[in-house]
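For the sequence shown, our numbering assigns the number 16 to the initial residue and increments by one for each residue that follows. All C-beta atoms in this analysis are idealised placements derived from N, C-alpha and C, irrespective of residue type, glycine included.
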Amino acid sequence: MAEMVSDAAAATPSTPPPREGGVVLETNMGRVVVELYWDEAPRACENFQGLANAGRYDGLDFHRVIANFMVQGGDPTGTGRGGQSIWGGKFEDEITPKLKHVGAGIFSMANSGPNTNGSQFFITLQPCPWLDGKHTIFGRVHQGMRVVQRIGKVPCDKNDLREFGNDKRTHIHRFVLISPDEMMQRFRNGLVFGAYGRFRRDIAAKTLFYPKAESPSLRLCHSVKQNVACWDQ
Numbered sequence: 016m017a018e019m020v021s022d023a024a025a026a027t028p029s030t031p032p033p034r035e036g037g038v039v040l041e042t043n044m045g046r047v048v049v050e051l052y053w054d055e056a057p058r059a060c061e062n063f064q065g066l067a068n069a070g071r072y073d074g075l076d077f078h079r080v081i082a083n084f085m086v087q088g089g090d091p092t093g094t095g096r097g098g099q100s101i102w103g104g105k106f107e108d109e110i111t112p113k114l115k116h117v118g119a120g121i122f123s124m125a126n127s128g129p130n131t132n133g134s135q136f137f138i139t140l141q142p143c144p145w146l147d148g149k150h151t152i153f154g155r156v157h158q159g160m161r162v163v164q165r166i167g168k169v170p171c172d173k174n175d176l177r178e179f180g181n182d183k184r185t186h187i188h189r190f191v192l193i194s195p196d197e198m199m200q201r202f203r204n205g206l207v208f209g210a211y212g213r214f215r216r217d218i219a220a221k222t223l224f225y226p227k228a229e230s231p232s233l234r235l236c237h238s239v240k241q242n243v244a245c246w247d248q
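Here is the structure:
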């Protein structure tokens with residue numbers, strides 16, 4: 016996940032993004048709805064949502080794709096060496112043992128070492144336990160995992176960088192911020208699977224999206240006890 020922070024100007028959103036809810040990632044391969052973990056990684060979520068709100072991700076490619084591992088984006092230079100946080104420069108890690116890279120669809124910050132988070136992020140395509148404790152997890156795919164899987168099949172060069180000139184290159188059209196209420200409605204309309212099969216949607220919605228959930232093991236959908244994932248129907 017090597018990343019070097021560039022000297023590009025820091026993003027300054029015209030209007031402050033809400034400190035709740037999620038984000039819709041619209042790409043040329045489809046739409047991905049992202050649930051953000053505000054309780055566990057507030058600065059990473061604020062950074063991600065703020066950059067999205069400022070349009071700093073619009074038009075960028077997923078520049079690095081490694082099959083059966085992850086897809087990486089958020090670099091304005093497309094080289095894996097660029098990008099700053101919403102505040103300029105780097106910001107510190109938010110590592111918690113409650114969140115782990117236990118499955119596909121986890122959003123995590125790319126970095127070049129401890130406390131070097133900028134604008135780049137990656138989405139896992141499989142469990143990546145060797146990344147635990149090294150990268151800040153700040154969200155997960157709520158809907159659109161098939162889109163992420165298609166992105167993960169894009170051909171790359173020997174350095175795992177997306178081939179320039181490739182007709183199948185993937186890029187971000189734009190991000191759309193969505194409210195907590197809309198996230199809840201999307202969740203109720205979806206289907207939830209977990210380590211033990213299907214969950215009741217009313218119970219799972221309460222535990223996954225309410226800030227003060229009664230069951231942390233369910234709310235933290237990438238915890239050791241429960242690995243809950245929402246997939247396209």
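Give every residue of the same chain whose Cβ lies closer than 8 Å to the Cβ of residue i, excluding the five residues on either side of it in the sequence, and list them in chain order.
i	result
V163	V47, V86, A119, G120, I138, L140 and V156
R58	F106, E107 and E109
P144	K115, H116 and V117
CB residue i to CB residue j, shorter than 8 Å?
i	j	result
Q99	S134	yes
L75	Q64	no
A69	F153	no
H116	S127	no
T111	N132	no
Can you list, in chain order, the residues of its chain with a C-beta nearer than 7 Å to that of residue i? Leave out the 5 residues immediately preceding and following it.
i	result
G167	V80, A82, V86 and L140
D217	Confidence at D217 is low in this model, with a pLDDT of 35, below 50, so the placement of that residue should be treated as unreliable; the coordinate-derived value is given next. So no residue of the chain qualifies.
V49	G37, V38, L40, F122, G154, V156 and H157
P129	D108
G148	I110
What does residue i pair with, by DSSP beta-bridge criteria?
i	result
M124	F136
F153	Paired residue(s): none; F153 is not in a bridge.
V169	Answer is none; V169 lacks a bridge partner.
L146	According to DSSP, which records beta bridges pairwise, L146 is partnered with nothing at all.
T131	Looking at the DSSP assignment, T131 forms no beta bridge with any residue, so it has no partner.
G45	T42
Tell me whether residue i, by its Cβ, gets closer than 7 Å to a heavy atom of the ligand NAD.
i	result
R165	Of ligands this structure carries none, so the ligand NAD is not represented either.
Tell me whether residue i sits in a helix, a strand or coil according to DSSP, three-state version.
i	result
R161	helix
L114	coil
E109	coil
M19	For M19, the predicted structure reports a pLDDT of 35, less than 50, and the residue's modelled location is therefore unreliable. A value from the coordinates is still provided. In this structure, M19 counts as coil in the three-state DSSP scheme.
Take residue i and list the residues in its own chain whose beta-carbon comes closer than 6 Å to its own, dropping the five residues that flank it on each side.
i	result
I101	A26, N62, G65 and L66
D90	H78, G97, G98 and Q135
C60	L51, W53 and F153
T92	none
P142	V117 and G118
R165	M44
L146	H116
What are the complete alpha helix (DSSP H) segments, minimum 4 residues, inside the stretch 55-96? Counting only runs of 4 or more, we get 57-68.
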